[in-house]
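First comes the structure, then the notes that go with it.
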Amino acid sequence: MKTRWWIIGALAVAAIAVLIFYLAQGKNSKPRHLDIGVIFPLSGDAAAYGEKGQKAIQLALEMSNKGRACGDRDLAVHIEDSAASPVTGVGAFQKLAAGNHTPIVIGDIVSAVTLAVAPVAERQKIVLLSPTSSAPEITSAGEYIYRIWPSDLAEGAAMGRLASDRGFKRVAILYMNNDYGNAISGIFGKAFSERGGQVVWEGGYSADTTDFRNSLTRIRGVAPDALYIAGYFADTAAAIRQARQLGMQQQFLGTTAIEDPKFLSLAGSAAEGMIYPLATGFDAASRRQDVHLFVTQFRQRYGTTPGWVEASSYDAFNLVCRASAQISAASPSGDDYRHYFDQMPAFEGVGGAIKFDKNGDVLKPIVFRHVINGRFDYLK
Amino acid sequence: MSATPQLVLNVLATFGVYSLATLGFLLIFSVKPFFNFSAGVPVLLAPYLVLALQPFVPGPAVAIGLTVLLLALLGWAFWEAGAEPLFRRIHSDTILLIVTLSLYTVVSSLIALLFGQQAISISAEDLGYVRLPLAVQASSAQVASISVAIIVVPAFWSFWSRSLAGLSLRAAADDPFLADVVGVPVRKQAAIAYAAGFMLLGAASLMQATDVNVRPDFGFALVVVAMVAVAAAPATARVEAAVLASFVIAAGEAIISLLLGDLWSRCFALGLLVTLLIARSARRGRVRRLV
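Chains as they are written, first to last, in the numbering used here: chain A, 1 to 380; chain B, 1 to 291.
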């Protein structure tokens, strides 16, 4: 009997020793390596946005690795260029999935690429987290598809309501012929018409159009109260500049995409008074500590003030970082991230709180801004 | 408010740009007739050269003038160091087309590396506009392109058709061996044609670039228009027909834009090129069958 107790005691001591040894080893162990994929348009029509997002991700990576914000994970980011092209984007995604075995990919900025990559991500059970894709179709793109930017349904409808509230009766729509332009202009037109407004002219242009004068001449001919341009900042700038040269004095309405310092330099005085919605809570002038830290660090590193693309990309990375820290599995899978995102509490990012609904969408308030005295400001 | 007078002005301004590019390409085409995409190089370089020069010169006008001169120099250098040795070694037009297209792509990539992919504008502020009767407004660049075309097109026509220099240039283009035998300095003529061609293409590019954004793929569409206009013209009346073709393209684009929208107007020049090539190929086939 006595011997039995001795054996049990020795085993218990050995077990405790093994446990202590194991825990101590765990504490001193190196951070667990984890590969994260990023697909951004670093060339092509949306390269300007991709470069901004890339800078923000690189900064977020450095800050998080420095402060061990991702727990015991050592994140490595692999960035691939989608060239804003669905075909190139799918190729880039497959490269990340096959070459780096990433369980989660941040991207794309462009809706068309996100939509093209979504079915592949679904098949391979890899989570796709878009920082800025806004096409309404993304809502039903799949269980592994998430985004931290509200759907165009919100932005387009809000802009349509604003146009009506401002007393415009007749509006012309000029849209970029891609998923983004088509979707947002359609929603804007619907919201505006539902409130009794009339869309008197509607026409598209391709992403590489630089001369809008023929379309603008026809728009001038129908004398609308306002012109809504659903495109990116460079083409919108060229269009409004040429519109002013044609003598058009109408109110110009734009999309979130125009909020870029380059827009102001490209459009010059033609931009004055242009109204646009902003579907993010990010404000570079905010006194919030996390926002201040991000803006200061970004300015120090790149010499420019971050905008909505940078803020959203920064939030996307930090969300992945937090999820990676919270997931206990040694090698997290896409399903681990999916379960985490579906059940996580609200994540407070620099662009506002992020909480996904059952479709992987977020809800964020829409604010309106305008160009006044050569800079962007809140519309009062 | 009728849109027609404004559309007519838009067509004339576009024609101004197209006609200059067409004449520039015609000169290059006269040295060796094939779809020479190196003509896209001055179109692409011109706005970026203006941007690069602006900080070092007193004003944008000086930067534009210097750019045009630099492009003439580049045209001459390109003939001496690139085109002439290439034409001596390679006789297949298809290979030359691929080589020149690759050259354009390389230059485009270099520009993307140096200046970035983002759109830029060469005129920092609005250059103003001119109010005309019938509620027509023209930007300064539009007025400039119409004015320059009014001066350059007839001057080029008289040079090409009436002057001895033009005659020898055409002789060298028609049959360089025979021209050489009768004492025409063929190599010198070709160098001049490249210098003047690059200059005209650069000028056309700058007139277009003043009102629009420029990116590292800028100029390709303009070169295609110039190629179509020159390819459409019969050799016997090349200047008149090429200029007329450039007007047809400008007007055709505006009409299609009016009827079907901007998305379709962009296909017009390429559609015309494909139609021309098919028609020519069919005609050649008929001639061969008759023989």
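Don't be surprised by glycine CBs; every beta carbon is placed ideally from N, CA and C.
Supposed contact pair THR100/B and ASN37/B - C-beta distance, whole angstroms, cut 8 Å: Reading the sequence as shown, one finds Phe at residue 37/B and not Asn. About 4 Å separates the two Cβ atoms, so the contact holds.
Alpha-carbon spacing of GLY37/A relative to PRO133/B, whole angstroms: Between GLY37/A and PRO133/B, the C-alpha separation is close to 59 Å.
N- and C-terminal bounds of the alpha helix (DSSP H) containing VAL50/B: Here the alpha helix (DSSP H) through VAL50/B covers 40 to 53.
CB contact check: LEU293/A to chain B, cutoff 8 Å: Contacts with chain B at 8 Å (Cβ-Cβ) do not include LEU293/A.
Where GLU259/A sits in the DSSP three-state scheme: In this structure, GLU259/A counts as coil in the three-state DSSP scheme.
Residue(s) in a DSSP beta bridge with LEU253/A: According to DSSP, LEU253/A bridges with TYR228/A, ILE275/A.
Member of ALA13/B, ALA279/B, VAL106/B whose CA lies at the smallest distance from the CA of ALA141/B: Among ALA13/B, ALA279/B, VAL106/B, the Cα nearest to that of ALA141/B belongs to ALA13/B.
Interface positions of the region 208 to 232 of chain A facing chain B (Cβ-Cβ less than 8 Å), listed along the chain: Taking 8 Å as the Cβ-Cβ cut-off against chain B, the residues of the region 208 to 232 of chain A that qualify are ASP208, THR209, THR210, ASP211, PHE212, ARG213, ASN214, SER215, THR217, ARG218, ARG220, GLY221, ALA223.
Inter-residue Cα distance where the pair is GLU348/A and LEU42/A: The alpha-carbon atoms of GLU348/A and LEU42/A are separated by roughly 28 Å.
Short CB-CB distance (under 8 Å) between ASN177/A and chain D: No chain D appears in the structure shown, which is made up of the protein chains A and B.
Proximal residues of chain B, C-beta to C-beta of SER85/A below 8 Å: None at all; the shortest Cβ gap to chain B is about 13 Å.
Identity of the residues DSSP links to ILE39/A by a beta bridge: Looking at the DSSP assignment, ILE39/A forms a beta bridge with GLU80/A, GLY107/A.
C-alpha distance - ALA135/A paired with MET248/A, whole-angstrom precision: Straight-line Cα distance between these residues: approximately 30 Å.
Cβ shell of GLY271/B (< 8 Å), same chain only, five flanking positions each side left out: Hits under 8 Å: none found.
Contact the region 56 to 71 of chain B vs the region 4 to 13 of chain B: 3+ CB pairs below 8 Å: Cβ pair count under 8 Å is below three, so no.
Whether ALA285/A touches ARG241/A by CB criterion (8 Å): Against a cut-off of 8 Å, the Cβ pair of ARG241/A and ALA285/A comes out as no contact.
Continuous beta strand (DSSP E) stretch holding ASP377/A: start and end: Looking at the DSSP string, the run of the beta strand (DSSP E) that includes ASP377/A is 375 to 378.
Exposed unless 16 or more other CB atoms sit within 10 angstroms - verdict on GLU51/A: Buried: at least 16 other Cβ atoms inside 10 Å.
Nonlocal neighbours in the same chain, by C-beta distance under 8 Å from PHE301/B, ignoring five residues either side: The structure shown does not extend to residue 301/B, since chain B spans only 1 to 291, so no value can be given for it.
Span of the alpha helix (DSSP H) around MET344/A: Judged by DSSP secondary structure, MET344/A falls outside any alpha helix (DSSP H); it is assigned neither H nor E.
For ARG170/A, the nearest candidate out of VAL200/A, ILE187/A, ASP377/A, GLY160/A (CA to CA): Ranking the options by Cα distance to ARG170/A, first place goes to VAL200/A.
Best match in ILE16/A, LEU59/A, CYS70/A, LEU128/A for proximity to GLY398/A [C-alpha to C-alpha]: Outside the displayed span of chain A (1 to 380) sits residue 398/A, for which this structure offers no information.
Beta-carbon proximity check, THR256/A vs PRO277/A, cutoff 8 Å: For the 8 Å CB-CB criterion, THR256/A and PRO277/A form a contact.
Distance CB(TYR205/A)-CB(SER215/A) smaller than 8 Å: With contacts defined as CB atoms closer than 8 Å, TYR205/A and SER215/A qualify as a contacting pair.
Neighbour-count burial assignment, TYR180/A, 16 or more Cβ in a 10 Å radius: Result: buried.
Alpha carbon of ALA154/A to alpha carbon of ARG166/A, nearest angstrom: A straight-line Cα-Cα distance of about 18 Å links ALA154/A and ARG166/A.
Chain B contacts from the region 249 to 266 of chain A (Cβ-Cβ distance under 9 Å): Within the region 249 to 266 of chain A, the qualifying residues are LYS262, SER265, LEU266.
Within-8 Å CB hit, GLY219/B to chain A: No, no contact with chain A.
Cβ-based burial, SER140/A [other Cβ within 10 Å; buried from 16]: When all chains shown are included, SER140/A counts as exposed.
Beta strand (DSSP E) segment containing GLY352/A, residue limits: 352 to 354 is the span of the beta strand (DSSP E), which, as asked, contains GLY352/A.
is_contact[ALA77/B, chain A] using C-beta, thresh 8 Å: Output row for ALA77/B: interface = no.
Under 9 Å (Cβ pairs) to chain B, residues found in the region 189 to 209 of chain A: Listed in sequence order: GLY203, GLY204, TYR205, SER206, ASP208, THR209.
Environment of THR304/A [buried if 16+ CB atoms lie within 10 Å]: So THR304/A counts as exposed.
Range covered by the beta strand (DSSP E) that runs through MET248/A: Taken as a continuous stretch (DSSP letters only), MET248/A belongs to no beta strand (DSSP E), as it is neither H nor E.
Length of the line joining the Cα atoms of ILE173/A and ALA226/A: For ILE173/A and ALA226/A, the distance between alpha carbons rounds to 9 Å.
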